[in-house]
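Chemist:
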Amino acid sequence: MTYRRRTSRRVTSTDIIDIGGMTVTVIRKPIRNMYLRVQPPNGDIRVMAPTRISTEVIETFVSTRKTWIRAQQRKIQRMQRDTMRLVGGATGEEHPESQSQHLNDQAGRQPSVSEQDSSGIGSRDTGNRNIGSRDSVTVWTADVQRRARQSLEWQLPALLDHWTRVIGRSPTRITFRIMRSRWGSCTPATGRIRLNLQLGLMEPRFLEYVLVHEMTHLWAGGHGPRFQQLMDRFLPGWRDLRRELNRYAVL
Numbered sequence: 003m004t005y006r007r008r009t010s011r012r013v014t015s016t017d018i019i020d021i022g023g024m025t026v027t028v029i030r031k032p033i034r035n036m037y038l039r040v041q042p043p044n045g046d047i048r049v050m051a052p053t054r055i056s057t058e059v060i061e062t063f064v065s066t067r068k069t070w071i072r073a074q075q076r077k078i079q080r081m082q083r084d085t086m087r088l089v090g091g092a093t094g095e096e097h098p099e100s101q102s103q104h105l106n107d108q109a110g111r112q113p114s115v116s117e118q119d120s121s122g123i124g125s126r127d128t129g130n131r132n133i134g135s136r137d138s139v140t141v142w143t144a145d146v147q148r149r150a151r152q153s154l155e156w157q158l159p160a161l162l163d164h165w166t167r168v169i170g171r172s173p174t175r176i177t178f179r180i181m182r183s184r185w186g187s188c189t190p191a192t193g194r195i196r197l198n199l200q201l202g203l204m205e206p207r208f209l210e211y212v213l214v215h216e217m218t219h220l221w222a223g224g225h226g227p228r229f230q231q232l233m234d235r236f237l238p239g240w241r242d243l244r245r246e247l248n249r250y251a252v253l
């Protein structure tokens with residue numbers, strides 16, 4: 003059975019087809035060649051095909067590559083397992099390691115991301131309270147923690163796979179914590195990264211920014227010129243993301 007829906011002008015149609023027991027999403031576009039992708043985190047199969055190509059040709063194209071598809075799906079599953087071993091648990095309080103560089107709350111204010119003496123990402127209170135605000139109704143119940151953790155665990159494998167290749171280094175371990183004054187921190191000496199559990203309740207782009215920020219500290223401690231040059235290379239729009247993230251208050 004095929005499910006079809008209209009999409010953007012550049013996409014003629016999107017079909018979901020069963021091919022040899024595999025669920026395949028077929029996107030027809032005004033292109034000349036056909037492309038097959040197996041996408042993390044779930045090993046979803048996607049085909050980009052020319053507008054006028056027949057379903058029979060697509061089925062043959064996919065069927066003849068079934069061995070390769072299964073191999074890629076197994077690879078993604080291994081990546082997921084490896085990531086879950088890398089990722090630690092979330093706790094109700096944060097316990098920074100002695101070697102960890104992080105932002106401290108000075109003079110009763112929440113530190114800004116732009117602080118230069120730390121590898122942690124803090125939050126600045128701008129008066130615009132959004133999710134996670136102390137004035138919001140969000141509280142860290144067991145269910146909220148579970149949902150936030152599941153969201154992070156779902157997003158991290160693909161992010162780590164991509165950014166490890168871009169940045170050239172990977173963390174030895176990632177833990178989730180309910181942090182009171184920062185979005186993340188890194189201990190370059192051990193390669194450990196800590197992420198605020200609250201990121202699991204926010205837009206994915208903020209998690210990506212914080213992860214890239216902390217992974218960049220594996221190359222450069224502090225927020226000096228070298229760190230900023232690397233961030234400009236890895237994530238050119240990082241300053242805009244930092245500015246947006248600073249509008250949110252850490253819960």
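Be aware that the sequence shown starts at 3, since it is given in my numbering, and climbs by one per residue. Positions of the beta carbon are idealized from the N, C-alpha and C atoms, including for glycine.
What first and last residue would you give for the alpha helix (DSSP H) that runs through S153?
Modeler: A144 to I169 is the span of the alpha helix (DSSP H), which, as asked, contains S153.
Chemist: According to DSSP, is I55 part of a helix, a strand, or is it coil?
Modeler: coil
Chemist: Between the C-alpha atoms of T166 and Y37, what's the straight-line distance to the nearest angstrom?
Modeler: 25 Å
Chemist: Given that a residue counts as buried once 16 or more other Cβ atoms are within 10 Å of its Cβ, and exposed if not, what is S56?
Modeler: Under the 10 Å beta carbon count, S56 is surrounded by fewer than 16 other beta carbons and is classified as exposed.
Chemist: Which residue marks the beginning of the alpha helix (DSSP H) containing R218, and which one marks its end?
Modeler: Strictly speaking, residue 218 in this sequence is Thr, with Arg absent from that position. P206 to T218 is the span of the alpha helix (DSSP H), which, as asked, contains T218.
Chemist: By how many angstroms is the C-alpha of R196 removed from the C-alpha of M217?
Modeler: If you take the alpha carbons of M217 and R196, they lie about 11 Å apart.
Chemist: For the alpha helix (DSSP H) containing M233, list its first residue and its last residue.
Modeler: P227 to F236
Chemist: Which stretch, first to last residue, makes up the alpha helix (DSSP H) that contains L243?
Modeler: W240 to L247
Chemist: With a 10 Å radius around its C-beta and 16 neighbouring C-beta atoms as the bar for buried, classify D59 as buried or exposed.
Modeler: In the sequence under discussion, the amino acid at residue 59 is Val, which differs from the Asp named in the question. So V59 ends up on the exposed side.
Chemist: Any chance the stretch 209 to 224 sits against the stretch 185 to 194, with 3 or more Cβ pairs inside 8 Å?
Modeler: yes
Chemist: Is the separation between the beta-carbon of P211 and that of L232 shorter than 8 Å?
Modeler: In the sequence as presented, Pro is not what sits at residue 211; that position holds Tyr. No; because the gap between Cβ atoms is not below 8 Å, this pair is not in contact.
Chemist: Between S183, L161 and S153, which lies nearest to M204 when the distance is taken from Cα to Cα?
Modeler: S153
Chemist: Determine the closest residue to L199 out of F63, A150 and N35, with distance taken between C-alpha atoms.
Modeler: A150
Chemist: If I follow the unbroken beta strand (DSSP E) through L197, where does it start and stop?
Modeler: R194 to N198
Chemist: Would you report the Cα separation of Q230 and G223, rounded to the nearest angstrom?
Modeler: 11 Å
Chemist: Keeping to the same chain, check which residues put their C-beta closer than 8 Å to that of T174; ignore five residues upstream and five downstream.
Modeler: The residues are L88, T192, G193 and R194.
Chemist: Going straight from the alpha carbon of S183 to that of N248, what length do you get?
Modeler: The alpha-carbon atoms of S183 and N248 are separated by roughly 11 Å.
Chemist: How far does the beta strand (DSSP E) with S183 in it extend, from its first residue to its last?
Modeler: Run containing S183: none; DSSP gives neither H nor E here.
Chemist: In this structure, does DSSP put I19 in helix, strand or coil?
Modeler: Of the three classes helix, strand and coil, the one that applies to I19 here is strand, per DSSP.
Chemist: Quick one: using the 10 Å Cβ neighbour count with 16 as the cut-off for buried, is L51 buried or exposed?
Modeler: Before going on, a small fix: residue 51 reads as Ala here, not Leu. It is buried - the Cβ of A51 has at least 16 other Cβ atoms within 10 Å.
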